[in-house]
Every structure is written in structure tokens, then in C-alpha cells.
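Read the structure below first, then the notes.
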Amino acid sequence: MTGARAATAVDPAAITDPLGLPAQPPVRLLTAWYADRRPDDLAAHLRRHGPVPRVDADDLIAEVDAAGLRGRGGAGFPTATKLRAVVAAGRRPGRPGRRHAVVVANGCEGEPASHKDAALLHCAPHLVLDGIALAVRATGAGTAYLCVHAGSANVGTLREQVTARHDPVPVRVVEVPARYIASEASALVQYLSGGPALPTSTLPRAAERGVGRAPTLVDNVETLAHLALIARHGADWFRAIGSPELPGTLLVTIGGAVRRPGVVEVAAGTPVRAVLDLAGGPTEPVQALLNRARPVDPPPRHRHRPGGPVTTPTVRPASPTARCASSPATWTGT
Numbered sequence: 007m008t009g010a011r012a013a014t015a016v017d018p019a020a021i022t023d024p025l026g027l028p029a030q031p032p033v034r035l036l037t038a039w040y041a042d043r044r045p046d047d048l049a050a051h052l053r054r055h056g057p058v059p060r061v062d063a064d065d066l067i068a069e070v071d072a073a074g075l076r077g078r079g080g081a082g083f084p085t086a087t088k089l090r091a092v093v094a095a096g097r098r099p100g101r102p103g104r105r106h107a108v109v110v111a112n113g114c115e116g117e118p119a120s121h122k123d124a125a126l127l128h129c130a131p132h133l134v135l136d137g138i139a140l141a142v143r144a145t146g147a148g149t150a151y152l153c154v155h156a157g158s159a160n161v162g163t164l165r166e167q168v169t170a171r172h173d174p175v176p177v178r179v180v181e182v183p184a185r186y187i188a189s190e191a192s193a194l195v196q197y198l199s200g201g202p203a204l205p206t207s208t209l210p211r212a213a214e215r216g217v218g219r220a221p222t223l224v225d226n227v228e229t230l231a232h233l234a235l236i237a238r239h240g241a242d243w244f245r246a247i248g249s250p251e252l253p254g255t256l257l258v259t260i261g262g263a264v265r266r267p268g269v270v271e272v273a274a275g276t277p278v279r280a281v282l283d284l285a286g287g288p289t290e291p292v293q294a295l296l297n298r299a300r301p302v303d304p305p306p307r308h309r310h311r312p313g314g315p316v317t318t319p320t321v322r323p324a325s326p327t328a329r330c331a332s333s334p335a336t337w338t339g340t
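For the sequence shown, the residue numbers in my numbering are 7 to 340.
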């Protein structure tokens, strides 16, 4: 896209991730943490990334489509398709109770083994907030929510960072009950509409009729952070790493039978063996790998192989004496 800023250079030999693991280039979402060992406040974020780009809504969606951005929350649905569905629902003539669209950023991270969204919200909250602002612009939304689980350590800081901004549609930080099912998209829609935080199977989908019966975009916070970078650097830049099916980088939580569990950023398609090496390698012979919330199925030749590509935000090797649940990956932001 025009006016794209050069990505911040990071020396991979001189940086570590939040738990002391070596960074693997390229680093995109966690650049601030790797470069300075602290989260970016708004002033530092603006120095590093510049302001939210002024881009036409249709042009933004087209760029996201060209970039091949897929959701990073688990389902891997094409982000541009979701944006267009919300826009189309809002423009549909004669729709009763016509209302502005709603944007919901899902940072609840209900998967017990995953900590990648917490790491992102701590290290780069303004990339997420930029992504929300751009999604608001793309969909014409009049309301925006950032949902996190009740009791999250990031809640206070996130509210401070939101207050420091002057977005046309202010983001409301909402604490959702800290239950696994409460972070499912339909559960969030129902909760924000005044109901219980429980999934529903009732049609139509959120894009058609979501929060308050308005067209609603529900996207994972990592997805929205990537959207913010695509708006700055363009589709070709985003596709320069990763795989054709899943371009870009992934935040991956590594836990289980490894020496140093933590959160790392890697190019999509990085071999699982290489990701395990970032965590110091297995502590015992690996008997199985639990890959959770896989956005895109890998080719058949890679399935059930430790050396296959990473397409999932959680990797947990298991050994006969080290159960996955007994050694959870944790991330403290220190």
C-alpha cells in the first residue's frame, strides 16, 4: 500500500522473548518487546509504527484479501471474507432495525494451554487497538469491544492505553467470565447483548445479526494486530514469509515436556522441531504432540510428524512421565 513504513530492524542475536528464548527472525508483532524489553505505550508505539493509516475501507479490505490473512483464533477463516460479510449486512436495503456494525476483539484466550494473546496484549496493545480502529473503519462500525477474561492481569493497563488514545469509536474493555466456552464467538455476542456467556447455535451468524442484533465482526486480537501491520506495509510484505496457505507469522505457546516453556513468534510453516528447539528442546523422549486450534490443516505428509509445519498457536509435546496438563506453559511478561 502507498505510504508504507519500513519494518523495524531487530538483531536476532541480541534479543530474547519474554521467557528468555531466542527470537527467530522475522519478528513482527513482538518487535517492541524484543527491541526494548518493555511494552510500547502510545508514544513509543507511534515512534515505532506511526499513526493508524488513513485508508479507504474498500481498499483496506482488498489489501487484507490480497495478503491472505486468516484468523489466528482457531478457525482460520479468511479475514477479508468476514469483513465483507459485515459490510454487506450493514448495507442490505430494507433490513429491519438497521444499526451500525459492531467490532469485537476476542482476547479471552479460553484455551487453557494458550498464552499467546496475553503476551500480545501486554507487549503490543496498540497494534491490537490499531487493528480494532481499522476494522471499525472497514465495517462502518459504531461500537467496538475488547474482550478479556475476568481477572486478566492486562485489564488495568489496557483501559489506561485505551484512554490515552483518541479513536473516533472508543474501545470498551469488557471482562468476560473466565470459562473456556465463554470465549467462543457466539458466547461473546450473547454476553455483550446482555445474556449469559454461553455459545448458541441459532442462525443467522454474527456477521448478519450479532451484538444488539447489529452486524458484528468477531476477530481474535492477533488477527487484528496483523491487520494493523498489513495496512501499513501491504500485502506483498505480509506474504514475504509464511506459507502460501497461511502467510505471515504466528504467535505460538510452547509447553509440556520442554525445558523452557513460553510464547514465541515464528513464520507460519516453521517445522515443529525448530519450534521445540526454541524452547530448549524436549526434556524427555517425545511420545506425542498436541497441536491445538490448528487454523489450516497441513498437507497429509506432515500430519502426526514432529518435523511438520507449525500452523497452530499451541504446541505441547508429551512424554510418558510428563503430562501436558502437569506442566502448563506460562507467560509472566518479565
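Even for Gly, the Cβ is constructed at its ideal location relative to N, Cα and C. As the structure is a prediction and not an experimental result, all values here were calculated from the model.
Query raised in the report: What are the residues that DSSP puts in a beta bridge with Thr222?
Result: DSSP lists Val108 as partners of Thr222.
Query raised in the report: Where does Ser207 land, buried or exposed, given buried means 16+ other C-beta within 10 angstroms?
Result: Flag for Ser207 reads exposed.
Query raised in the report: By how many angstroms is the C-alpha of Val281 removed from the C-alpha of Val224?
Result: Cα to Cα, Val224 sits roughly 29 Å from Val281.
Query raised in the report: Can you check whether the CB of Pro288 is closer than 7 Å to the CB of Val264?
Result: Result yes, Cβ atoms of Val264 and Pro288 sit closer than 7 Å.
Requested in this report: Specify, as a first and last residue, the run of the alpha helix (DSSP H) that Gly268 falls within.
Outcome: First-last for Gly268: 268–273, but that is the beta strand (DSSP E), not the alpha helix (DSSP H).
**Report entry** Residue burial classification, Gln293 (beta-carbon count within 10 angstroms, cutoff 16)
**Finding:** Counting Cβ neighbours within 10 Å, Gln293 comes out exposed, since fewer than 16 surround it.
Report task. Identify which residue in Thr255, Arg78, Leu140 has its Cα closest to the Cα of Ala63. Result -> Taking Ala63 as reference, the option from Thr255, Arg78, Leu140 with the minimal CA-CA separation is Leu140.
Requested in this report: Name the two residues that bound the continuous beta strand (DSSP E) containing Ala156.
Outcome: Counting along the chain, no beta strand (DSSP E) covers Ala156, and no H or E run does either.
**Report entry** alpha helix (DSSP H) segment containing Val161, residue limits
**Finding:** DSSP places Val161 in the uninterrupted alpha helix (DSSP H) bounded by 161–170.
Query - Residue span of the beta strand (DSSP E) that contains Arg178, given as start and end - result: Taken as a continuous stretch (DSSP letters only), the beta strand (DSSP E) holding Arg178 covers 177–182.
Query raised in the report: Roughly how many whole angstroms lie between the Cα atoms of Arg54 and Arg211?
Result: Rounded to whole angstroms, the separation of the alpha carbons of Arg211 and Arg54 is 37 Å.
Query raised in the report: Given a threshold of 16 other Cβ atoms within 10 Å of its Cβ, counted over all protein chains shown, does Arg311 qualify as buried or as exposed?
Result: Here the model assigns Arg311 a pLDDT of 34, short of 50, so the residue's position is not dependable, and the following value carries that caveat. Classification for Arg311: exposed.
Report task. Just the C-alpha distance for Ala107 and Ala241, rounded to the nearest angstrom, thanks. Result -> C-alpha separation (whole angstroms): 25 Å.
**Report entry** Residues that DSSP places opposite Thr206 in a beta bridge
**Finding:** Per DSSP, none; premise fails for Thr206.
Requested in this report: Find the nearest neighbour of Ala68 within the set Gly248, Lys88, Leu252, Thr255, judged by alpha-carbon distance.
Outcome: Checked all of Gly248, Lys88, Leu252, Thr255; the closest Cα to Ala68 is Lys88.
Query raised in the report: According to the Cβ coordinates, are Asn226 and Gly116 closer than 7 Å?
Result: Their beta carbons are not under 7 Å apart, which means Asn226 does not touch Gly116 by this criterion.
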